[in-house]
Amino acid sequence: MQKKYGNASAVLKEADALLGSLAAPSQDSLTASRKSSEKVRAQYNDLGRSVNKISALSQTSDVIDKIDSLHKVQQDVKQRLDKFTLFSDEFARQSMFARNAEAIRSDIAFTAAIAQKFNRESKALEEHEKIQGKQNKIDEKIEQMKKELEKLNNGNK
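For the sequence shown, our numbering begins at 1084 and goes up steadily by one.
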């Protein structure tokens, strides 16, 4: 396991900032879009009634022209209905993620705190190990000097 707690903290802060910019879509925008869609749906129903009336007529060139013009209207109205469907689906998706964003932000904050704690502890441990290493070298030097002193004392007798 890599112990790059400093890097983890930076990544978690960035993720928190990204989540901070995530906002739930406005319910007013959905309501306005729904009302607009209801008007378009009414136009689509009127178009259906017109097509039904025309279908009872004999196929003259005027009727065929009218059918062609109604087809263009139908494509336009269908496109607007499809736009609402896409908007509605995207609204639901964004709403779901916005609700989950708070839970994720909480998890990120907790994880960042843990990473910062581990980062501090690992730095303290590294510092302790450095000090311990220096202490060991000093102890070795003392032992070496004791042995030399002992040799000198034994040699002078």
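Glycine is no exception: its CB is placed at the ideal position from the N, C-alpha and C atoms.
Note that the coordinates shown come from a computational prediction; the quantities given were computed from them, not determined experimentally.
Option in the options with minimal Cα separation from residue i
| i | options | result |
| --- | --- | --- |
| residue 1093 | 1227, 1110, 1134 and 1196 | 1196 |
| residue 1172 | 1206, 1117, 1098 and 1228 | 1117 |
| residue 1188 | 1091, 1102 and 1090 | 1102 |
Integer Cβ distance of residue i from residue j, believed to fall under 8 angstroms
| i | j | result |
| --- | --- | --- |
| residue 1107 | residue 1177 | 7 angstroms |
| residue 1156 | residue 1140 | Between residue 1140 and residue 1156 the Cβ distance is about 17 angstroms, and since that is not below 8 angstroms, they are no contact. |
| residue 1164 | residue 1133 | About 17 angstroms; that fails the 8 angstroms criterion. |
| residue 1191 | residue 1095 | 5 angstroms |
Pairwise C-alpha distance: residue j and residue i
| i | j | result |
| --- | --- | --- |
| residue 1098 | residue 1219 | 43 angstroms |
| residue 1231 | residue 1217 | 21 angstroms |
| residue 1119 | residue 1159 | 14 angstroms |
| residue 1179 | residue 1121 | 24 angstroms |
| residue 1193 | residue 1184 | 14 angstroms |
| residue 1115 | residue 1181 | 20 angstroms |
| residue 1109 | residue 1124 | 23 angstroms |
| residue 1228 | residue 1209 | 29 angstroms |
| residue 1169 | residue 1161 | 12 angstroms |
| residue 1241 | residue 1174 | Here the chain has residues from 1084 to 1240 only, and residue 1241 is not among them. |
| residue 1137 | residue 1126 | 16 angstroms |
| residue 1214 | residue 1204 | 15 angstroms |
| residue 1186 | residue 1202 | 24 angstroms |
| residue 1026 | residue 1225 | What the structure shows of the chain is the stretch from 1084 to 1240, and residue 1026 is not part of that stretch, so it cannot be assessed. |
| residue 1238 | residue 1206 | 48 angstroms |
| residue 1135 | residue 1167 | 25 angstroms |
### Runs of beta strand (DSSP E) wholly within the segment 1146 to 1215 (minimum 3 residues, chain order)
none
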